[in-house]
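Quick note, the sequence shown lines up with residues 1 to 263 if you use this note's numbering. Here a beta-carbon is modelled for each residue, glycine too, at the ideal position from N, C-alpha and C. All of these numbers come straight from a predicted model, not from anything done at the bench. Following: one structure in structure tokens, then a few remarks.
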Amino acid sequence: MIRFALALGLSLFSALATAELPTPGHFPGGVALVPINTDSARFNDKPLWVDEGIAIVPLPLSLSAGTHQVNTPAGAVAFTIDGRSYPEQRIRLNNPKMVTPDPDHLKRIRAESAEQRAWYEQRSDFTPRLPMVLPIRGPITGAFGRKRFFNDQPRAPHSGVDIAAPTGTQIFSPTDGVVLGIGDYYFNGKTVFVDHGRGLISMFCHLSDFAVSPGQRLVQGELLGYVGATGRATGPHLHWSVSLSNVRVEPALFAPELADLNP
Ligand SMILES: [Zn+2]
Numbered sequence: 001m002i003r004f005a006l007a008l009g010l011s012l013f014s015a016l017a018t019a020e021l022p023t024p025g026h027f028p029g030g031v032a033l034v035p036i037n038t039d040s041a042r043f044n045d046k047p048l049w050v051d052e053g054i055a056i057v058p059l060p061l062s063l064s065a066g067t068h069q070v071n072t073p074a075g076a077v078a079f080t081i082d083g084r085s086y087p088e089q090r091i092r093l094n095n096p097k098m099v100t101p102d103p104d105h106l107k108r109i110r111a112e113s114a115e116q117r118a119w120y121e122q123r124s125d126f127t128p129r130l131p132m133v134l135p136i137r138g139p140i141t142g143a144f145g146r147k148r149f150f151n152d153q154p155r156a157p158h159s160g161v162d163i164a165a166p167t168g169t170q171i172f173s174p175t176d177g178v179v180l181g182i183g184d185y186y187f188n189g190k191t192v193f194v195d196h197g198r199g200l201i202s203m204f205c206h207l208s209d210f211a212v213s214p215g216q217r218l219v220q221g222e223l224l225g226y227v228g229a230t231g232r233a234t235g236p237h238l239h240w241s242v243s244l245s246n247v248r249v250e251p252a253l254f255a256p257e258l259a260d261l262n263p
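Here is the structure:
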């Protein structure tokens, strides 16, 4: 926030009094910081987190480079984003049902995705505490945004970051929040959703076990579960998605320490 406050001509004193914002990333999968003259705004018809005249705009991976706009009560405000090419990731799975599920599994998968979407659409009134810290440390084995192929079949791009660690490694909440829900899902395995406020949600997948229950308040750095390989996983790792207004975005914009982890 300090860098942006200075750019906007505000004093350092007032910058320190405001919330920290994510690092801007004006590219598909990133987060745009757009100065506006109102305290509310929408993008793609979704309400945005607005802090001190800055709209924090999540940019879907499918968004094209060029000019876009946020809508405010005082009119539209344009901003531009650059293109970004994400590399491919090819994954070999021994269980073909994890690539092409059976029809009876599809029913379960649809119900599970509806449940998870409802959590991603949660929008609480408290302001996120940023920056986030790392939930675990380990090598990054799957970067955010990669175009993915399972057994050579194209699937959705990677919606989070994979960090490898031994089964049982403790996972800590990257910032304050409330446990929205826990589940044991076909693809994601044992999963925890944490609400960080203003539509900012974390999802932690493939856990071996939980350390929290729904509704529980968490402070930054509090234990929430343990690394595992449940669901669609080729080995023990944490999949961590960061979502804003139900758009999955680059976690490193919220947790700068991710840049310290080596692939
Ligand atoms: Zn993953």
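Under DSSP, the beta strand (DSSP E) around residue i begins and ends at which residues?
i: D104; result: Looking at the DSSP string, D104 is not in any beta strand (DSSP E); the run it does join, the alpha helix (DSSP H), is P103 to Y120.
i: H343; result: With the chain represented from 1 up to 263, any question about residue 343 goes unanswered, as that position is not in the structure.
i: L207; result: L200 to F210
i: T141; result: I140 to G142
i: D51; result: W49 to D51
i: F126; result: It is not in any beta strand (DSSP E) - F126 carries neither H nor E in the DSSP assignment.
i: V31; result: V31 to P35
i: S243; result: H237 to L244
i: T230; result: T230 -> no beta strand (DSSP E), and no H or E assigned at all.
i: T23; result: Taken as a continuous stretch (DSSP letters only), T23 belongs to no beta strand (DSSP E), as it is neither H nor E.
i: F79; result: G75 to I81
i: Q89; result: E88 to I91
i: V133; result: Premise fails: V133 is in no beta strand (DSSP E) and is neither H nor E.
i: A55; result: I54 to P58
i: R248; result: V247 to V249
Distance, Cα to Cα, residue i vs residue j?
i: T230; j: N94; result: 14 angstroms
i: A74; j: R42; result: 12 angstroms
i: A266; j: Y120; result: Limits of the chain in this structure are 1 at one end and 263 at the other, which puts residue 266 out of reach.
i: R137; j: A165; result: 8 angstroms
i: R155; j: Y185; result: 18 angstroms
i: H68; j: E250; result: 19 angstroms
i: V178; j: F126; result: 11 angstroms
i: P103; j: G53; result: 49 angstroms
i: P128; j: L61; result: 23 angstroms
i: L63; j: G160; result: 17 angstroms
i: H105; j: G183; result: 16 angstroms
i: P174; j: R217; result: 13 angstroms
i: L130; j: S202; result: 13 angstroms
i: P139; j: D260; result: 10 angstroms
i: R110; j: G30; result: 27 angstroms
i: E88; j: H158; result: 10 angstroms
i: G145; j: P22; result: 18 angstroms
i: A252; j: R90; result: 22 angstroms
i: N246; j: Q116; result: 10 angstroms
i: V192; j: G215; result: 11 angstroms
i: Q122; j: K190; result: 20 angstroms
i: G221; j: A19; result: 19 angstroms
i: T72; j: F172; result: 37 angstroms
i: P135; j: P256; result: 12 angstroms
i: E112; j: R92; result: 24 angstroms
i: R108; j: A114; result: 10 angstroms
i: A118; j: P28; result: 23 angstroms
i: A233; j: K46; result: 32 angstroms
i: P263; j: Y86; result: 15 angstroms
Tell me which residues share the same chain as residue i and place their Cβ nearer than 7 angstroms to its Cβ, disregarding the 5 neighbours each side in the sequence.
i: Q170; result: L223 and Y226
i: A32; result: P24, H26, V57, L59, F79 and I81
i: I254; result: Note that residue 254 is Phe in the sequence shown here, rather than Ile. Contacts found: P22, L130, P131, M132 and V242.
Identify, in the order they occur along the chain, each residue of the same chain with its Cβ nearer than 6 angstroms to the Cβ of residue i, setting aside the five sequence neighbours on each side.
i: L244; result: P58, G199 and L200
i: D39; result: V50
i: D162; result: T141, G142, H237 and H239
i: S124; result: D195 and G197
i: V219; result: D176
i: N188; result: C205 and G231
i: A211; result: L223, L224 and G225
i: R248; result: S159 and S241
i: R84; result: F27 and P28
Sorted by chain position, which residues of the same chain lie with C-beta nearer than 8 angstroms to residue i's C-beta, five sequence neighbours on each side aside?
i: V70; result: V34, I36, A41, R42, F43, L48, A55, V57, A76, V77 and F79
i: T167; result: S208, Y226, V227, G228, A229 and P236
i: S213; result: V179 and I182
i: L258; result: L134, I140, V161, P251 and A252
Would you say the beta carbon of residue i comes nearer than 6 angstroms to a heavy atom of ligand 2?
i: G142; result: No copy of ligand 2 occurs in the structure displayed; its ligands are ligand 1 alone.
Item to check | Inside the stretch 147–195 only - beta strand (DSSP E) runs reaching at least 3 residues | outcome: Fully enclosed beta strand (DSSP E) runs of no fewer than 3 residues occupy 147–150, 153–155, 161–164, 170–172 and 177–185 of the stretch 147–195, in order along the chain.
Checklist entry - Is it a yes or a no for the stretch 144–159 touching the stretch 88–102, going by three-plus beta-carbon pairs under 8 angstroms? => result Touching, per the Cβ criterion.
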